[in-house]
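Counting from 1 along the sequence shown, just add 289 to a position and that's the residue number in the working numbering.
We put the CB at the ideal spot given by N, CA and C, even for glycine.
Bear in mind that the values here come from a model prediction, so they are computed numbers and not experimental data.
See below for the structure under consideration.
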Amino acid sequence: MRSYLLFALLLSATAVQAEDCVIDLKADDAMKFDKTEITVAASCKSIEIKLAHTGKLPVTAMGHNVVVAATPDLQPIATDGQKAGAAANYVAAGDKRAIAHTSLVGGGASTTASFPGSALKAGGDYSFFCSFPGHWAIMKGKLIVK
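Put into structure tokens, the structure is as follows:
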């Protein structure tokens, strides 16, 4: 019985740790993410971003992506991304300020991306946002690294 309890505790700790390494978001046609705050573990070797667009509008009208960046870089990345255009997923090629980003998706589609956990530091000031033109001002949230 005691070994079963220990195994169950280890299994649940592993599940929690794995969960802390995933940014799982849903976006809709009302330009909203389903979360405004996400926490990831500083110990993650890799962090996965999962985005599901639950709306119906096409990518050209209501496309969404997820960009992870230091909060002060949010607006400059979005501004430069607008110039880069949809073909670049509204993130300028080689923009080192963008820690990670997904591709742009329309209603009913989903996408994933991953990046090294070492790109984030515990206690840092990070945000996630959609860089589609005009979306970044309201489609954003805080990314906490513990």
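Alpha helix (DSSP H) segment containing residue i, residue limits
| i | result |
| --- | --- |
| residue 231 | There is no way to answer for residue 231, as the model of the chain reaches only from 290 to 435. |
Sequence-distant residues of the same chain with beta carbon closer than 7 angstroms to residue i, five excluded per side
| i | result |
| --- | --- |
| residue 400 | 340, 391, 392 and 394 |
| residue 318 | 344, 345, 346, 351 and 396 |
Whole-angstrom distance between residue j and residue i, CA atom to CA atom
| i | j | result |
| --- | --- | --- |
| residue 430 | residue 357 | 10 angstroms |
| residue 379 | residue 334 | 27 angstroms |
| residue 385 | residue 375 | 19 angstroms |
| residue 370 | residue 359 | 15 angstroms |
| residue 363 | residue 388 | 11 angstroms |
| residue 240 | residue 345 | No information on residue 240 is available, as it lies outside the stretch 290 to 435 that the chain covers here. |
| residue 350 | residue 381 | 20 angstroms |
| residue 423 | residue 367 | 9 angstroms |
| residue 365 | residue 372 | 11 angstroms |
| residue 397 | residue 412 | 35 angstroms |
| residue 402 | residue 309 | 15 angstroms |
Close beta carbons around residue i, own chain, < 6 angstroms, minus the five adjacent residues each side
| i | result |
| --- | --- |
| residue 352 | 393, 395 and 421 |
| residue 377 | none |
| residue 347 | 395 |
Where the beta strand (DSSP E) through residue i begins and ends
| i | result |
| --- | --- |
| residue 314 | 311-316 |
| residue 418 | 415-418 |
| residue 390 | 387-390 |
| residue 382 | Segment: none, residue 382 is in no beta strand (DSSP E) and carries neither H nor E. |
| residue 405 | 399-405 |
| residue 325 | Note, residue 325: premise wrong, no beta strand (DSSP E); not H, not E. |
Test: residue i CB closer than 7 angstroms to a CB of chain D
| i | result |
| --- | --- |
| residue 419 | The chain labelled as chain D is not found in the depicted structure, where only one protein chain is given. |
Contacting residues, own chain, Cβ-Cβ under 8 angstroms from residue i (five flanking each side not counted)
| i | result |
| --- | --- |
| residue 314 | 322, 323, 324, 327, 338, 339, 340, 341, 355 and 417 |
| residue 419 | 316, 320, 322, 353, 354, 355, 356, 425, 428 and 429 |
| residue 414 | 359, 360 and 361 |
| residue 312 | 327, 329, 336, 337, 338, 339, 355, 357, 417 and 432 |
| residue 410 | 331 and 434 |
- Item | Three or more C-beta pairs below 8 angstroms linking the stretch 329-341 and the stretch 404-419 | yes
- beta strand (DSSP E) runs wholly inside the stretch 342-375, at least 3 long, in chain order: DSSP runs (the beta strand (DSSP E)) wholly in the stretch 342-375: 356-359.
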